[in-house]
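Only one structure is covered here, and it is reproduced in the block below.
Residue numbers (the numbering used here), protein chains in the order written: chain A, 233 to 349; chain B, 2 to 142.
Now the structure itself:
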């Protein structure tokens with residue numbers, strides 16, 4: 233899915249946008265636990281989380297993940313967005329819950345990462 | 002062993018500073034990127050040094066994160082001043098954690114730190130006592 237399509241489906245706000253127009257996100261990884269993101273996610277996946285702090289962006293940075301989606305109405309603070317900009321991480325935020333978010337993304341063709349298939 | 006030590010890069014890590022936690026690992030990652038090392042090895046090193054850095058921030062009174070370059074390997078050394086690890090075998094078990102609830106709210110402290118470090122590294126060595134902990138994590142090139 234393109235960033236614009238993800239934003240449309242989830243009624244999400246795009247807070248920073250560094251992805252090229254042809255970046256097509258095929259899989260997602262949802263967790264509030266950053267250690268699990270470090271253990272199980274891959275660099276191609278969209279990081280979906282309800283955790284709202286700088287460590288989310290740091291985790292994305294270490295994993296080479298380029299896009300983070302905050303759910304449940306979490307709006308990252310200025311410092312977190314600054315860190316995202318420093319690391320060229322695209323950030324979206326939706327008011328939808330984690331479950332609804334993942335459901336809608338799956339309905340639109342997004343997959344989980346291979347290890348959970 | 003004919004391995005040749007080339008250079009050490011060191012980064013100071015402050016205890017309980019969660020806004021800056023990850024800065025040391027970020028510096029190590031950028032350093033390795035500038036050396037044109039394989040991207041997959043860089044990612045493994047970044048993940049492991051980040052987990053080690055978070056451990057220093059959470060569990061110690063502060064410490065250093067070193068990146069030692071050899072001609073055939075990279076060794077991340079995490080060196081902290083603190084109470085040490087009471088039961089190393091337990092600490093190496095997935096899911097075991099002594100971190101308080103406040104740390105779990107930050108997305109860590111779920112007992113995955115050391116298991117993640119072992120998962121991504123080629124060799125792992127730990128020495129702990131009443132005055133601190135030293136972890137050496139090796140990545141073969």
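We put the CB at the ideal spot given by N, CA and C, even for glycine.
As the structure is a computational prediction, the values presented were derived from the model and not from experiment.
Closer than 9 Å, Cβ to any Cβ of chain A: which residues of the stretch 100-128 of chain B, in chain order? 105, 106, 107, 108, 109, 110, 111, 112, 113, 114, 116, 117, 120 and 121
Using only alpha-carbon positions, find the residue among B:11, B:5 and B:61 that is nearest to residue 133 (chain B). By 1-based counting over the second chain, the position of residue 133 (chain B) is 132. Closest option to residue 133 (chain B), Cα to Cα, is B:61.
For the beta strand (DSSP E) holding residue 299 (chain A), just list the boundary residues, first then last. Locating residue 299 (chain A) in the first chain gives position 67, where the first residue counts as 1. Where residue 299 (chain A) is concerned, the enclosing beta strand (DSSP E) stretches over 299-302.
Taking only beta-carbon positions, decide if residue 79 (chain B) is within less than 9 Å of chain A. Stepping through the second chain from its first residue, residue 79 (chain B) is reached at position 78. So no, residue 79 (chain B) is outside the interface.
Name the residues in the stretch 18-46 of chain B whose C-beta lies less than 9 Å from a C-beta of chain A; which are they? 19, 20, 21, 22, 23, 24, 26, 27, 30, 40, 43 and 44
From which residue to which residue does the beta strand (DSSP E) around residue 8 (chain B) run? Position 7 of the second chain, counted from the first residue, corresponds to residue 8 (chain B). 6-14 is the extent of the beta strand (DSSP E) around residue 8 (chain B).
So what's residue 257 (chain A) in DSSP terms, helix, strand or just coil? Stepping through the first chain from its first residue, residue 257 (chain A) is reached at position 25. Residue 257 (chain A) falls in the coil class under three-state DSSP.
Consider the Cβ of residue 144 (chain B): report whether some Cβ of chain A lies at a distance smaller than 9 Å. Past the boundaries of the shown model lies residue 144 (chain B); chain B is included only from 2 to 142, so the question cannot be answered.
N-terminal and C-terminal residue of the alpha helix (DSSP H) that residue 315 (chain A) is part of: For the purposes of this step, residue 315 (chain A) is taken as residue 83 along the first chain, with counting starting at 1. Unbroken alpha helix (DSSP H) run through residue 315 (chain A): 310-318.
So with Cβ pairs under 9 Å, would you call residue 51 (chain B) a contact of chain A? Numbered from 1 along the second chain, position 50 holds the residue referred to as residue 51 (chain B). It does: the Cβ of residue 51 (chain B) has a partner Cβ on chain A nearer than 9 Å.
Whole-angstrom distance between residue 318 (chain A) and residue 210 (chain A), CA atom to CA atom: Chain A is shown only over 233 to 349; residue 210 (chain A) falls outside these bounds and no answer can be derived.
For chain A, check one thing: does any of its Cβ atoms lie closer than 9 Å to the Cβ of residue 55 (chain B)? By one-based count along the second chain, residue 55 (chain B) stands at place 54. Yes, its Cβ sits closer than 9 Å to a Cβ of chain A.
What are the residues of the stretch 283-302 of chain A that lie near chain B, defined by any Cβ-Cβ distance shorter than 8 Å? 283, 285, 286, 287, 288, 290, 291, 293, 294, 295 and 296
Minimum Cβ-Cβ distance from residue 271 (chain A) to chain B less than 9 Å: As a working mapping, residue 271 (chain A) is identified with position 39 in the first chain. Output row for residue 271 (chain A): interface = yes.
Could you pull the start and end residues of the beta strand (DSSP E) that residue 248 (chain A) belongs to? If you number the first chain from 1, residue 248 (chain A) lands on position 16. Here the beta strand (DSSP E) through residue 248 (chain A) covers 245-248.
Do the stretch 58-77 of chain B and the stretch 3-13 of chain B meet, that is, are 3 or more Cβ pairs less than 8 Å apart? yes
Residues that residue 126 (chain B) bridges to, as DSSP identifies them: Working through the second chain from its first residue, we reach residue 126 (chain B) at position 125. Partner(s): B:137.
Just the Cα atoms here: how many angstroms apart are residue 305 (chain A) and residue 99 (chain B)? Here residue 305 (chain A) refers to the residue found at position 73 when the first chain is read from its first residue. Here residue 99 (chain B) refers to the residue found at position 98 when the second chain is read from its first residue. Looking at the two C-alpha atoms, the distance is approximately 30 Å.
Are three or more beta carbon pairs between the stretch 296-310 of chain A and the stretch 325-340 of chain A nearer than 8 Å? Enough Cβ pairs lie closer than 8 Å, so yes.
If we call anything under 9 Å between Cβ atoms a contact, is residue 113 (chain B) one with residue 39 (chain B)? On the second chain, position 112 is the one that residue 113 (chain B) refers to. On the second chain, position 38 is the one that residue 39 (chain B) refers to. Their beta carbons are not under 9 Å apart, which means residue 113 (chain B) does not touch residue 39 (chain B) by this criterion.
Run down chain B in chain order and give the residues with a C-beta less than 7 Å from the C-beta of residue 311 (chain A). To locate residue 311 (chain A), count along the first chain from 1; it is residue 79. Neighbours of residue 311 (chain A) on chain B, chain order: 20.
Counting C-beta neighbours from all protein chains within 10 Å, is the total for residue 348 (chain A) 16 or more, i.e. buried, or is it exposed? Position 116 of the first chain, counted from the first residue, corresponds to residue 348 (chain A). Model confidence at residue 348 (chain A) stands at a pLDDT of 47, short of 50, so the residue's coordinates are unreliable; what they give is reported in the following sentence. Exposed, by the Cβ-count rule.
Against chain B, which members of the stretch 250-269 of chain A pass a CB distance test of less than 9 Å? 263, 264, 265, 266, 267, 268 and 269
Contact check, residue 345 (chain A) vs residue 299 (chain A), beta carbons under 9 Å: Residue 345 (chain A) sits at position 113 when you count from the first residue of the first chain. Residue 299 (chain A) sits at position 67 when you count from the first residue of the first chain. It is not a contact, given that the beta carbons lie outside the stated cut-off.
Counting C-beta neighbours from all protein chains within 10 Å, is the total for residue 322 (chain A) 16 or more, i.e. buried, or is it exposed? Residue numbering aside, residue 322 (chain A) sits at position 90 when the first chain is read from its first letter. Buried, since its Cβ has 16 or more Cβ neighbours within 10 Å.
Name the two residues that bound the continuous alpha helix (DSSP H) containing residue 335 (chain A). By one-based count along the first chain, residue 335 (chain A) stands at place 103. Per DSSP, the continuous alpha helix (DSSP H) segment holding residue 335 (chain A) begins and ends at 330-339.
As a quick exercise: from B:58, B:77 and B:14, pick the residue whose alpha carbon is nearest that of residue 121 (chain B). To locate residue 121 (chain B), count along the second chain from 1; it is residue 120. Residue B:77 is the option with its Cα nearest to residue 121 (chain B).
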